[in-house]
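These notes concern the structure reproduced below.
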Amino acid sequence: MFDYHSFIPLLLSLMAGMSTVIGAFIVFFSKCESKKLITFALAFSAGVMITVSFTDLFMSAEETLSKSNGKLNGVIFSIIFLLSGAFIAMLIDKFIPDEPRPSPSAPSGKLYRVGFVSMIALMIHNFPEGIATFVSGYENTTLGISIALAIALHNIPEGISVAMPIYYSTKSKYKA
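Take the sequence shown: its letters are residues 581 to 756, numbered as in the working numbering.
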């Protein structure tokens with residue numbers, strides 16, 4: 581049975597998640613020969629994501645955890661969760677093989693690996709974002725819209741960070 585109350589939050593989650601594709605569209609406006617463009621695109625994406633992480637998300641997490649666990653524990657838990665995320669990223673990096681190209685037509689190893697590892701990390705990362713968007717939209721549509729918009733803006737650089745390395749390594753705009 582279809583629940584109409586769930587439709588708007590589901591649509592908000594879907595639109596926020598699909599905004600990653602907007603970032604990926606940059607490959608359709610770039611040429612594969614431009615090393616400056618991929619350097620700029622990856623630096624821009626990393627800068628946006630790191631800035632959001634440290635100026636907004638970390639502070640919000642610390643504040644929320646401090647309310648329920650006390651100031652010191654809130655700071656400690658925030659740092660533990662931040663380091664846990666970094667550790668998981670290191671594990672993904674360690675267990676995804678870095679193999680040389682078997683042939684000139686195969687994807688370029690290092691760039692393809694950057695895109696592939698980014699894709700895995702973002703898939704893991706986007707699952708809780710979708711849940712948060714859905715739940716907030718289910719409880720309060722206005723809040724859900726604002727969260728979906730913030731996540732959508734955050735997902736655009738994520739799309740760039742996945743699509744550009746895959747495009748440069750495979751030379752295929754559609755694989756990117």
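Beta carbons are placed, not taken as given, at the ideal position from N, Cα and C, and that holds for glycine.
According to DSSP, simplified to helix, strand and coil, what is residue i?
i	result
Y754	coil
G695	helix
I673	Looking at the sequence shown, residue 673 is not Ile but Asp. D673 falls in the helix class under three-state DSSP.
D583	coil
N653	helix
N706	helix
K720	The displayed chain sequence assigns Asn, not Lys, to residue 720. Here N720 sits in coil by DSSP.
If we count the other Cβ atoms within 10 Å of its Cβ and call it buried at 16 or more, is residue i buried or exposed?
i	result
M639	exposed
M744	buried
P708	exposed
T635	exposed
F675	exposed
L592	buried
I618	buried
T600	buried
G603	buried
F587	exposed
I660	exposed
Which same chain residues end up closer than 8 Å to residue i when comparing Cβ atoms and leaving out the 5 residues on each side of it in sequence?
i	result
V632	H734
M629	H734, P737, E738, S741
Near residue i, which residues of its chain fall below 6 Å by C-beta distance, leaving aside the five closest residues on each side in sequence?
i	result
G654	E642, L645, S646
V694	P745
Spatial neighbours of residue i within its chain, please: CB distance less than 7 Å, with the 5 preceding and 5 following residues excluded, ordered by chain position.
i	result
V607	A743, M744, Y747, K753, A756
A701	A669, I672
Taking 8 Å as the cut-off, does the region 725 to 732 touch the region 619 to 628 (at least 3 CB pairs, one atom from each stretch)?
no
Problem set entry | Three-pair Cβ contact test at 8 Å for the region 715 to 731 versus the region 668 to 676 | no
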